[in-house]
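Numbering (the numbering used here), first residue to last: 119 to 272. Working notes, beginning with the structure itself.
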């Protein structure tokens with residue numbers, strides 16, 4: 119008999135907890151965002167400033183892929199070679215999303231490293247993400263960057 123009483127009490131508590139979770143039609147459905155932010159990438163090609171020839175992915179490139187170094191606060195960043203399927207290969211490097219503005223240094227061959235200053239935008243979508251917004255490289259300014267592939271003039 120005591121066990122039956124415990125079962126009845128447990129069923130009542132379960133029924134009360136389920137009914138308290140009922141959603142009103144006026145409530146908004148909330149998407150759960152994970153606490154892990156997705157990485158954002160800066161996608162680019164390096165082109166000659168006077169001819170616009172691709173310095174790494176042309177038929178006869180001026181530089182080998184291994185001659186590109188991207189550093190961030192004295193640490194070399196991994197650079198991936200990707201293809202967009204239509205216009206060929208490009209480089210992709212992960213942006214630092216810890217701050218909304220940062221600087222990377224791009225070194226091509228034995229040339230001096232050139233600073234690349236970028237800013238990120240905060241977008242609520244419904245979870246926050248931080249796409250690349252602006253880029254300044256070698257006195258050239260790029261706006262509304264997002265995931266597009268930039269042609270950085272060297």
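From the three backbone atoms N, C-alpha and C, an ideal C-beta is built for every residue, glycine too. All figures in this text were calculated on a predicted structure; none of them were measured in a lab.
Mapping DSSP to helix, strand and coil, what is residue i?
{"i": "residue 215", "result": "coil"}
{"i": "residue 272", "result": "coil"}
{"i": "residue 185", "result": "helix"}
{"i": "residue 285", "result": "Given that the chain is displayed from residue 119 to residue 272, the structure contains no residue 285 and the question cannot be resolved."}
{"i": "residue 267", "result": "strand"}
{"i": "residue 157", "result": "coil"}
{"i": "residue 178", "result": "coil"}
{"i": "residue 248", "result": "coil"}
{"i": "residue 166", "result": "coil"}
{"i": "residue 196", "result": "coil"}
{"i": "residue 258", "result": "strand"}
{"i": "residue 243", "result": "coil"}
{"i": "residue 173", "result": "coil"}
Distance, Cα to Cα, residue i vs residue j?
{"i": "residue 258", "j": "residue 245", "result": "32 Å"}
{"i": "residue 249", "j": "residue 230", "result": "28 Å"}
{"i": "residue 172", "j": "residue 183", "result": "12 Å"}
{"i": "residue 200", "j": "residue 242", "result": "27 Å"}
{"i": "residue 260", "j": "residue 217", "result": "19 Å"}
{"i": "residue 159", "j": "residue 213", "result": "5 Å"}
{"i": "residue 185", "j": "residue 215", "result": "26 Å"}
{"i": "residue 156", "j": "residue 222", "result": "19 Å"}
{"i": "residue 174", "j": "residue 205", "result": "14 Å"}
{"i": "residue 236", "j": "residue 181", "result": "25 Å"}
Measuring alpha carbon to alpha carbon, tell me which of the options ends up nearest residue i.
{"i": "residue 197", "options": "191, 211, 174, 178", "result": "211"}
{"i": "residue 167", "options": "216, 256, 235", "result": "256"}
{"i": "residue 151", "options": "247, 188, 270", "result": "247"}
{"i": "residue 240", "options": "225, 219, 226", "result": "219"}
Would residue i and residue j be called neighbours here (beta carbons separated by less than 9 Å)?
{"i": "residue 178", "j": "residue 232", "result": "no"}
{"i": "residue 266", "j": "residue 170", "result": "no"}
{"i": "residue 263", "j": "residue 234", "result": "no"}
{"i": "residue 165", "j": "residue 269", "result": "yes"}
May I ask you to check if the CB of residue i is nearer than 8 Å to at least one heavy atom of the ligand FMN?
{"i": "residue 185", "result": "For the structure depicted, the ligand FMN is absent and the ligand set is empty, with no information on it obtainable."}
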